[in-house]
Amino acid sequence: MDNPSEDSSEQPTQQQTESNGNDGQQVYFVPFRWWKEALDSGLADGKKGALYLAAPSPSYGGPMKIINNFFSSADVAFNLKRGDTSSLQNHDNGEVGVSGSDYALVSGDMWIQALKWHSESKTSEKNGKCLSAAYDMTDVYPLQLRLACLQDGSSLGVKINKKENAAESHKRACKIFNFETDPIRIWDFSGQTASFFPNDKDPKDSPRQFEQEMLLELQVYGLFDSVRNRAKKNEMGTQYSNGTSYMMNGSASSFASSLVRRSCENGILGLTGLQNLGNTCFMNSALQCLAHTPKLVDYFLGDYKAEINANNPLGMNGEIASAFGDLLKQLWTPGATPLAPRTFKLKLSHFAPQFSGFSQHDSQELLAFLLDGLHEDLNRVKCKPYVEAKDGDGRPDKEVADEYWKNHRARNDSIIVDVCQGQYRSKLVCPDCSKVSITFDPFMYLSLPLPSTSMRSMTISIMKSDGDMHPSVVTVNVPKDGKYTDLIHSLSTACSLGAEETFLVAEVFNSRIINFLGESPSDPLSLIRDYDRLIAYRLLKSSEEAPLLVFTHQQKEEHCISGKLTSSWKPFGIPFVASCRIENGLDLRDVYVRLLLPFKVRSEDIDGKGDTVGNCSADVANEMEVSSHSLGYFSESTDDESFGSKLDSDFKFLLSDEKGMTSNTVLVMNEPLKFTELPTRLNVLVCWPAKMLEQYDRRAFHSLPELCKPCSSTRRPQESVSLYECLEAFLKEEPLGPDDMWYCPECKEHRQANKKLDLWRLPEILVIHMKRFSFKHFLKNKLETLVDFPIHDLELSSYIANNEEQSSFRYMLYAISNHYGTIGGGHYTASVRQGGDQWYDFDDSHVSPINVDKIKTSAAYVLFYKRVQEKNT
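Quick note: the sequence shown uses the numbering used here, first residue 41, plus one each step.
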């Protein structure tokens, strides 16, 4: 539509370009009735047009001598003569535009605004009986017109040459300017014809005007068979606002209904994709959301350049605003194909080098930069006054808030502030002197945490070091970004830990302790993975100075390799940990045997008379007595034969390193431990003979549960949280962090004050950013929580601290920026409401309709809401 037909290759001369400057201008020729409807809604502030009367040219001589040499029998020639301006008063009386013979010339910007108004007004009707002109793109086609000034100074000679137009366009022109019926009146709202007569000077004062011509590209819209239908209007037909008649009889209504659906799918304004230039889906997603923000669209489709502040030192010379405005107009051009936003990308990279290149970025970060850049480029304040922020000092909140807002608007006044900025109240309380400080700050968007994912469940085995009980399993909730001290605190509460007790948490893999947690209390819990297996050993604080004994069990397994029977030692069960003073092998043996007592199988169970595993006081005493005779005494011999024969009947204790590698040093029970200095941690391998394996229930300490046990189903249920919960978490009172302390004016010191936020003033467009990405301790993570956000009725009245605010607190969702994938790689799309309650998916250059029940996903990242005005407001 934007390009002339292929046959229209003739261009004006350089002299013509210099003389009038209107070459290449696009003007739209539309039914006046259609334009008047949009004009009455306040479009263009009731701009009045100049009236011209169109009449067929009587001859090709006389006043048309300048251009008649170019005419042929295939031309359409007519005159535009200025009409009586007093007839403009008949507009409001309905006397103009009723007959269908009145038309309007409007500029491209004005036409797009009118088209958008019709699109929004007509699609809001639910009866399906109206075919809006905004949907019918089949009647938009270009014509090349040549305008020449006539000698009388008040008329234009108009010529449409078949040589300059495709055959179909020329036929359409012949139908449009058919003067055999009513004369045509044309109302020029574009200013193009008026500018052809500079200052309405007498042509005698400007003789060169007689020799000038202007090439004008005329986009004809909504005139399909309009002349023929005017003469054949049937009382059974329905006249629509685009000047086109559709016959409705019998089954024809179903045809019209299908035409409405087909038109909605293929021709709604704004359904233009953006090509991916190389990992620019983040930019495309943010741009599509802004390109469908109602008041921003109206603003940038109008004369926004009059407000560009090119001298603002905080701005970008107006270049970002111009690039965004030009892109927006292209996106809202009917019938446009997917655009390649290269110009905008170049401007963005120039002023924001962080977005240069072709790396993936965050759509919310781009959105924040773009909104701030547009604001500064369009700031109506040319010289910002100095304003000093003042504390409330006990004054009423309303007075202080209005003062802050007035000071803010004195320095910041733009369409972005008008539409997108709100205000919240910040309250700080000093924990020492209780000093209260209240300030009011503007916001462009709300960044809300996801509270359901701020906590993490951990399943941990608990084992006592005195042999009084079996291992137990405890599940605790800890902060996801918490530290080791948070885990110990949760375990202590869940296990009712005594004042004289403490926990030592270890990570177990392959029946060996591979790591002791908490060597630094500030270690982050994010280092612990969901599939890790942890065990917390319950120790006495009084034994902290004693060496730590770590027992690892192993048993002999036989394998047949190449027909030869071989044996090896394999670890099993849960490692035992105790802390006590020992002097010889007997002390070590007694500690180990006592730790084994809870797993001793009763005598009746061994004989098959029972199936219960438990503790027995008699068994405890007997075991202590038996153990002293059955364990035996071993030398430090490393001979394999003697080593293996003695293992068949008794436990054997060997020293090992922290990795469980044996030193082949067998501990002798009745001899002192041979250490020059007793180590703080003593690692011991315990070799189990076959007969001992039958006397203990190894199942009770054979395995540990995973830290986060997966559900029995193939997929874990998706976490869900409401948007209101996120908002409450954002507004919840909490202490400032150690790195963000507040300077108390009373204490004259930096204090870790308690901070409370409240919403005070809400904007027309409310942008909500959900904090899915976290970056802590050099670790990156994305939260996949499903946020249940309202679509039609986001009600925020209960979250507003300003009781005197009269604006509506109800919002409707109209756009979403989505992120699919992980933090290391993913893809951005946009979901946009357009054409009533129909939603569309903008996936770079692909645009397709989607059902409203498909937009609530865990990919929703940035939500865009617009205020819904209450009827009584």
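Glycine included, C-beta positions come from ideal geometry on N, C-alpha and C.
No experiment lies behind these values; they were computed from the predicted model shown.
Residue i and residue j closer than 8 Å at C-beta
i: Y905; j: S857; result: no
i: V545; j: A576; result: yes
i: L388; j: F395; result: yes
i: F639; j: D737; result: yes
i: T312; j: L255; result: no
i: V631; j: L579; result: no
i: L799; j: I840; result: yes
i: Y68; j: Q259; result: yes
i: L468; j: K88; result: no
i: H210; j: K199; result: no
i: M484; j: A408; result: yes
i: N452; j: H415; result: yes
i: A916; j: F882; result: Residue 916 lies beyond the stretch modelled for the chain, which goes from 41 to 913, so this question has no answer here.
Which of helix, strand or coil DSSP assigns to residue i
i: D148; result: Checking the sequence shown, residue 148 turns out to be Gly, not Asp. G148: helix per DSSP, three-state reduction.
i: T233; result: helix
i: K894; result: helix
i: K610; result: strand
i: C329; result: helix
i: A90; result: strand
i: L806; result: strand
i: A870; result: strand
i: I360; result: helix
i: P425; result: coil
i: A392; result: coil
i: Y464; result: strand
i: K906; result: strand
i: W577; result: The residue you asked about is not Trp; residue 577 is Tyr in the sequence shown. Strand at Y577.
i: D417; result: helix
i: S888; result: strand
Close-in-space but distant-in-sequence residues of the same chain around residue i (CB under 8 Å, 5 per side omitted)
i: C214; result: V116
i: P519; result: S494, M495, R496, D526, L565
i: I863; result: F813, K820, N821, K822
i: G342; result: D149, Q153
Residue interval of the beta strand (DSSP E) (run including residue i)
i: N794; result: 794–801
i: M781; result: First-last for M781: undefined, no H or E at that position.
i: D481; result: 476–483
i: K692; result: 692–696
i: G861; result: 850–861
i: F882; result: 879–883
i: D338; result: Not the beta strand (DSSP E): D338 falls in the alpha helix (DSSP H), residues 334–340.
i: S487; result: 486–488
i: E789; result: 789–791
i: L826; result: 826–828
Limits of the unbroken alpha helix (DSSP H) element including residue i
i: K438; result: 437–451
i: R73; result: 72–80
i: M732; result: 730–733
i: T533; result: 524–534
i: I456; result: 455–460
i: F770; result: 763–771
Per DSSP, cross-strand counterpart(s) of residue i
i: N555; result: E547
i: C189; result: L196
i: Y736; result: K640
i: S512; result: I502
i: F384; result: Looking at the DSSP assignment, F384 forms no beta bridge with any residue, so it has no partner.
i: F69; result: L145, V260
i: V590; result: V617, N723
i: Q400; result: DSSP lists no partner for Q400.
Same chain only: Cβ atoms within 7 Å of residue i, ignoring 5 sequence neighbours per side
i: E347; result: L418, R420
i: G866; result: H859, Y860
i: E835; result: F849, R850
Check: residue i C-beta below 7 Å from any heavy atom of the ligand ADP
i: D833; result: Within the structure as shown, the ligand ADP is missing, as the structure has no ligands at all.
Same chain, Cβ closer than 6 Å to residue i, five either side skipped, listed in chain order
i: N316; result: D884
i: A78; result: A154, W157
i: E773; result: N794, K796
i: L802; result: G462
i: S403; result: F322, S325, A326, S857, Y868
i: Q400; result: N319
Cutoff 8 Å: residue i Cβ touching any chain C Cβ
i: T515; result: In the structure shown, chain C does not exist; there is a single protein chain.
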